[in-house]
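Chains as they are written, first to last, in this note's numbering: chain U, 21 to 372; chain P, 4 to 348; chain W, 22 to 337.
Below you can see the structure in the form of structure tokens.
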């Protein structure tokens with residue numbers, strides 16, 4: 021049982037009675053050699069992250085998954101020889117010398133063959149699941165990536181402006197953020213997604229993947245904007261910001277060169293969290309039919325397609341599911357590693 | 004001779020951290036008698052707090068390593084089981100902490116926090132324990148104690164909170180009372196009252212007090228004997244008079260020199276010890292004070308043992324290689340003790 | 022106290038009006054949205070559609086439509102467009118199902134996450150801690166519908182320990198009721214257990230370093246008492262806030278994924294199908310319903326806070 025605080029020196033004895041100056045005293049070989057060369061907080065964090073073997077392993081796994089999904093067209097054209105949207109309901113393939121229907125007479129798709137054709141089996145339209153899995157992954161990752169970018173850019177911008185300007189600008193922005201925040205992401209996403217999928221919006225067609233991307237990005241902007249705003253409110257009261265103001269720097273200059281760099285570690289911690297959340301939300305929306313629209317695939321739509329066949333062809337939904345979970349899990353683990361590296365107080369440093 | 008309460012011998016505490024092994028306490032020895040006040044003096048990070056916390060087993064953690072012994076009666080506190088420690092804590096050794104604001108639970112009533120301690124060690128009813136808590140609070144000077152016992156810490160002033168802490172510490176009449184900078188977080192006027200409170204307790208003669216502080220003014224007020232700690236080691240140990248009037252270690256000179264005194268002409272600049280204390284993960288070879296000491300010489304790369312170097316007082320020990328006569332010649336300028344730049348001998 | 026209730030009620034009404042108005046106006050903004058066509062049905066001709074539009078005042082200005090609809094909602098007469106069912110009746114009938122799903126799941130996840138978070142914090146850095154944290158991070162990485170699918174496959178189809186889908190009323194047979202709901206409960210609880218136990222663990226570890234915990238130990242209290250009375254007691258507040266909001270959202274229909282996969286006739290399932298059909302009245306009532314629960318549980322959480330922490334005063 022360990023109620024004991026790790027590290028014994030947190031018991032503060034703040035010196036007040038004894039005056040100790042910080043000026044360096046006698047030159048001494050020990051003193052000169054003792055102080056490690058100054059390294060920046062980012063370098064330090066990077067070093068800590070590199071020492072975190074588990075995080076690095078999952079970072080590698082994530083990169084492998086991303087590269088595999090990006091290579092979807094190569095797999096499709098050079099290995100499986102079938103496009104992601106090519107139907108083949110009536111087709112047959114040769115499995116272990118026997119000819120089998122891709123989709124059985126009763127409409128049940130074939131399971132994994134582990135050959136170059138229909139490696140993971142087929143879907144109800146006789147499409148190659150492995151090909152669709154990679155293309156679907158590409159869509160999921162793309163939506164997650166772009167949505168995360170939107171969140172980072174707009175969340176940071178809104179947080180900066182809201183926290184720095186205060187007053188009516190802040191009031192309006194905060195009200196907007198509260199509004200989005202007060203709806204559960206899945207419900208908000210499904211309502212907006214369904215509505216827009218009907219007729220599209222402006223020049224964007226209803227079945228464009230941009231619609232779920234923008235929706236997901238928009239929903240999560242306040243989830244970054246609010247903490248950044250809080251951080252900015254705290255930072256703007258600091259002496260170095262006053263100093264910049266006294267120097268006559270413009271508000272934008274102060275926001276970008278004084279405050280933003282100090283909020284950067286908070287933003288960095290949020291990147292993996294947001295990536296994991298956007299990919300998850302995409303899967304929820306697509307599963308419920310409010311995200312990626314046919315004929316495009318994403319991991320969410322594939323799971324949704326397969327779930328009716330869970331009793332006959334469980335691989336149909338569970339393989340895309342496994343890909344999704346592996347991806348989100350690796351992002352979450354890397355995210356934990358990044359957070360611990362940037363804010364060592366957040367974890368408990370124990371080496372026994 | 005008074006009854007010996009506590010005998011600490013060669014206590015070592017180190018913590019395994021990311022930056023290496025931190026040797027927070029490095030071979031500390033001292034004793035405490037009944038009715039005596041021993042002050043442990045040092046800067047932040049000198050290991051004084053870790054020393055006393057270790058006596059209560061409060062520094063135990065998966066990354067902590069211990070050595071030496073601390074005998075309370077016939078038990079060794081360093082090797083004691085958690086269960087043994089639980090019965091010792093609060094009952095035989097009690098502790099008053101620096102910050103009375105954060106040291107009391109914000110969500111429990113003051114009286115209940117005292118009752119909780121009494122009932123952890125004695126099988127008595129809640130009502131009886133509460134009555135005792137009220138008596139204790141009255142004894143340490145909290146007015147309208149019966150009403151105040153039902154208040155929460157945030158409804159108390161800083162001084163009153165510290166009185167409540169003292170009442171709590173006294174609730175089982177412990178033999179050893181540890182006060183870890185009990186007045187640091189308080190206003191000066193309140194400080195004096197709290198010090199009086201603690202002094203009275205020790206004079207009543209039942210307990211021994213270990214008083215941890217960085218404030219030499221407070222030490223002069225309250226201590227019988229003084230331990231000066233620097234970077235995990237005791238650098239000097241003696242009676243109050245020995246330390247104040249015949250300090251042997253240059254670090255002690257530095258401490259004394261940086262106290263402003265009302266009975267002297269104030270100096271133009273407050274003297275200060277140059278440099279900073281070393282990181283405990285990477286202490287200098289030999290005497291830990293060497294890098295900051297203007298009097299350091301070749302021999303200081305060897306660790307000086309803590310031994311008596313003043314012929315006339317064998318109990319007065321220090322860790323400095325300099326000759327006694329040399330020390331006495333170097334430490335004073337214009338009748339004022341201080342860590343002065345090297346004076347040619 | 023009275024002031025607290027009055028103030029909260031006022032802000033609740035404001036929130037209900039604001040959300041319903043927003044939901045309503047959002048659909049007005051969608052170019053392809055045509056409630057008259059939705060009511061008349063897919064095959065209806067233009068004349069029928071026009072007739073429906075006149076009958077339901079759908080040609081009137083937007084704010085009049087909103088006022089009319091809200092009047093219908095609060096008199097309990099509003100009907101949905103797709104099946105001509107009374108929406109309020111539907112909610113009344115379906116609420117027991119959602120409550121049966123959400124309340125036991127909430128108890129399950131709260132108890133489990135407090136246990137796991139505590140065990141993890143108490144054994145920090147050791148194998149138990151690592152194991153729990155690995156499980157927790159997997160828990161937050163699996164979408165509910167996938168977990169539901171996996172549970173269905175394993176326990177309903179492969180092992181046939183549990184029925185695949187469906188619902189039995191508690192009044193009809195409590196054992197059948199529980200038997201049908203075990204898999205849905207686990208599906209909902211797992212994600213929250215993962216999330217809550219991670220949050221609780223880090224709160225506990227922060228709290229262990231607090232001075233008053235050190236005091237409690239210095240008093241010689243037994244470890245169990247130090248942990249429960251001092252550490253856990255002070256760490257549980259953020260969990261309660263999270264819980265209040267999550268619980269309210271789930272009661273209001275946020276369990277739609279679970280209800281859809283397990284075919285449970287609850288509020289979430291109704292809302293899911295309404296969303297699919299762009300059927301505004303159920304969505305509107307659902308949002309009002311959710312907002313009500315959010316406000317109610319928000320007030321309850323604040324009350325609980327005031328009880329648990331004497332430093333906090335109730336404010337509107």
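Yeah, the Cβ is synthetic: ideal placement off N, Cα and C, and Gly gets one too. As the structure is a prediction and not an experimental result, all values here were calculated from the model.
State yes or no: is the C-beta of residue i within less than 7 angstroms of the C-beta of residue j?
i                      : j                      : result
residue 227 of chain P : residue 39 of chain P  : yes
residue 242 of chain W : residue 136 of chain P : no
residue 144 of chain U : residue 129 of chain U : yes
residue 14 of chain P  : residue 60 of chain P  : no
residue 318 of chain U : residue 156 of chain U : yes
residue 168 of chain U : residue 229 of chain U : no
residue 197 of chain W : residue 186 of chain W : no
residue 214 of chain W : residue 133 of chain W : yes
residue 74 of chain W  : residue 80 of chain W  : yes
residue 353 of chain U : residue 182 of chain U : no
residue 94 of chain P  : residue 174 of chain P : no
residue 262 of chain P : residue 309 of chain P : no
residue 298 of chain W : residue 103 of chain W : yes
Ordered along the chain, which non-local residues of its own chain (more than five positions away) have a Cβ less than 6 angstroms from that of residue i?
i                      : result
residue 289 of chain P : 303, 304, 305 and 306
residue 118 of chain U : none
residue 230 of chain P : 33, 43, 237 and 240
residue 306 of chain U : 312, 318, 320 and 321
residue 219 of chain W : 157
residue 127 of chain W : 268
Mind reading off the beta-carbon distance from residue i to residue j? Whole number of angstroms is fine, and I expect it under 8 angstroms.
i                      : j                      : result
residue 303 of chain U : residue 164 of chain W : 5 angstroms
residue 342 of chain P : residue 257 of chain P : 4 angstroms
residue 191 of chain W : residue 183 of chain W : With 8 angstroms as the limit, residue 191 of chain W and residue 183 of chain W do not qualify as a contact, their Cβ atoms being about 17 angstroms apart.
residue 104 of chain P : residue 143 of chain P : Not really, about 17 angstroms apart at Cβ, beyond 8 angstroms.
residue 67 of chain P  : residue 18 of chain P  : 5 angstroms
residue 344 of chain U : residue 167 of chain W : 7 angstroms
residue 325 of chain P : residue 298 of chain P : 6 angstroms
residue 154 of chain P : residue 86 of chain P  : Going by Cβ atoms, the distance from residue 154 of chain P to residue 86 of chain P rounds to 33 angstroms, so no, they are not a contact pair.
residue 285 of chain W : residue 110 of chain P : Actually they are not in contact, since the Cβ atoms of residue 285 of chain W and residue 110 of chain P sit about 40 angstroms apart, beyond 8 angstroms.
Quick one: residues in its chain with C-beta nearer than 7 angstroms to the C-beta of residue i, no 5 flanking neighbours on either side, listed in chain order?
i                      : result
residue 312 of chain P : 251, 321 and 327
residue 98 of chain P  : 59, 172, 181 and 183
residue 319 of chain W : 265
residue 53 of chain P  : 16, 27, 28 and 62
residue 65 of chain U  : 361 and 362
residue 6 of chain P   : 36 and 37
residue 46 of chain U  : Low confidence applies to residue 46 of chain U: its pLDDT is 34, below 50, so where it sits in the model is not reliable, and the reading given next is rough at best. There are no such residues.
residue 116 of chain P : 107, 108 and 171
Tell me which same chain residues have a C-beta within less than 8 angstroms of the C-beta of residue i, skipping the five on either side of it?
i                      : result
residue 317 of chain P : 311
**Prompt:** Pairing CB atoms from the stretch 268-277 of chain W with CB atoms from the stretch 104-122 of chain W, are three or more of them under 8 angstroms?
**Reply:** The answer is yes - the stretch 104-122 of chain W touches the stretch 268-277 of chain W, with three or more Cβ pairs under 8 angstroms.
**Asked** Listed in chain order, which residues of the stretch 108-136 of chain P have Cβ atoms closer than 7 angstroms to some Cβ of chain W?
**Response** 108, 109, 110, 119, 120, 123 and 124
**Prompt:** Does the stretch 207-221 of chain P touch the stretch 41-49 of chain P, meaning 3 or more C-beta pairs lie closer than 8 angstroms?
**Reply:** yes
**Prompt:** Would you call the stretch 211-223 of chain U and the stretch 308-315 of chain U in contact, with 3 or more CB pairs under 8 angstroms?
**Reply:** A contact exists between the stretch 211-223 of chain U and the stretch 308-315 of chain U.
**Prompt:** What residues in the stretch 160-186 of chain W have a beta carbon less than 7 angstroms from any beta carbon of chain U?
**Reply:** Hits within the stretch, in order: 161, 162, 163, 164, 166, 167, 170, 171, 173, 174 and 178.
**Prompt:** How about the stretch 147-154 of chain W and the stretch 226-235 of chain W: do they share at least three Cβ pairs that are nearer than 8 angstroms?
**Reply:** Judged by Cβ distances under 8 angstroms, the stretch 147-154 of chain W makes no contact with the stretch 226-235 of chain W, as fewer than three pairs qualify.
**Message:** Taking 8 angstroms as the cut-off, does the stretch 20-30 of chain P touch the stretch 76-93 of chain P (at least 3 CB pairs, one atom from each stretch)?
**Reply:** no
**Message:** Counting beta carbon pairs with one atom in the stretch 145-154 of chain U and one in the stretch 327-342 of chain U, are three or more of them shorter than 8 angstroms?
**Reply:** Proximity of the stretch 327-342 of chain U to the stretch 145-154 of chain U meets the contact definition, three or more beta-carbon pairs being nearer than 8 angstroms.
**Item:** Against chain U: residues of the stretch 299-311 of chain W by CB proximity under 7 angstroms
**Value:** Listed in sequence order: 299 and 304.
**Prompt:** Relative to chain U, which residues along the stretch 260-283 of chain W have a C-beta separation below 8 angstroms, given in chain order?
**Reply:** 270, 274, 275, 277, 278, 281 and 282
**Prompt:** Got a sec: which bits of the stretch 125-148 of chain W sit with their beta carbon under 7 angstroms from any beta carbon on chain P, in order along the chain?
**Reply:** 146
**Request:** May I ask you to list, following chain order, the residues of the stretch 214-244 of chain W that have a beta carbon less than 9 angstroms from some beta carbon of chain P?
**Result:** 231, 232, 233, 234, 235, 236, 237, 238, 239, 240, 241, 242, 243 and 244
**Item:** Residues from the stretch 36-55 of chain W in contact with chain U, defined by Cβ distance under 9 angstroms
**Value:** Listed by position, the residues of the stretch 36-55 of chain W near chain U (Cβ gap below 9 angstroms) are 36, 39, 40, 43, 44, 47, 48, 50, 51, 52, 53 and 54.
**Message:** Short of 7 angstroms Cβ to Cβ, which residues in the stretch 322-337 of chain U face chain W?
**Reply:** 323, 327, 330, 331, 334 and 337
**Asked** Looking at chain W, which residues of the stretch 51-64 of chain P have a Cβ within less than 9 angstroms of any of its Cβ atoms?
**Response** 56, 59, 60 and 61
**Request:** Return the residues of the stretch 202-226 of chain P that lie within a Cβ-Cβ distance of less than 8 angstroms from chain W, sorted by chain order.
**Result:** none
**Prompt:** Of the residues that make up the stretch 12-41 of chain P, which ones have a beta carbon closer than 9 angstroms to any beta carbon in chain W?
**Reply:** If the cut-off is 9 angstroms between Cβ atoms, the stretch 12-41 of chain P has nothing near chain W.
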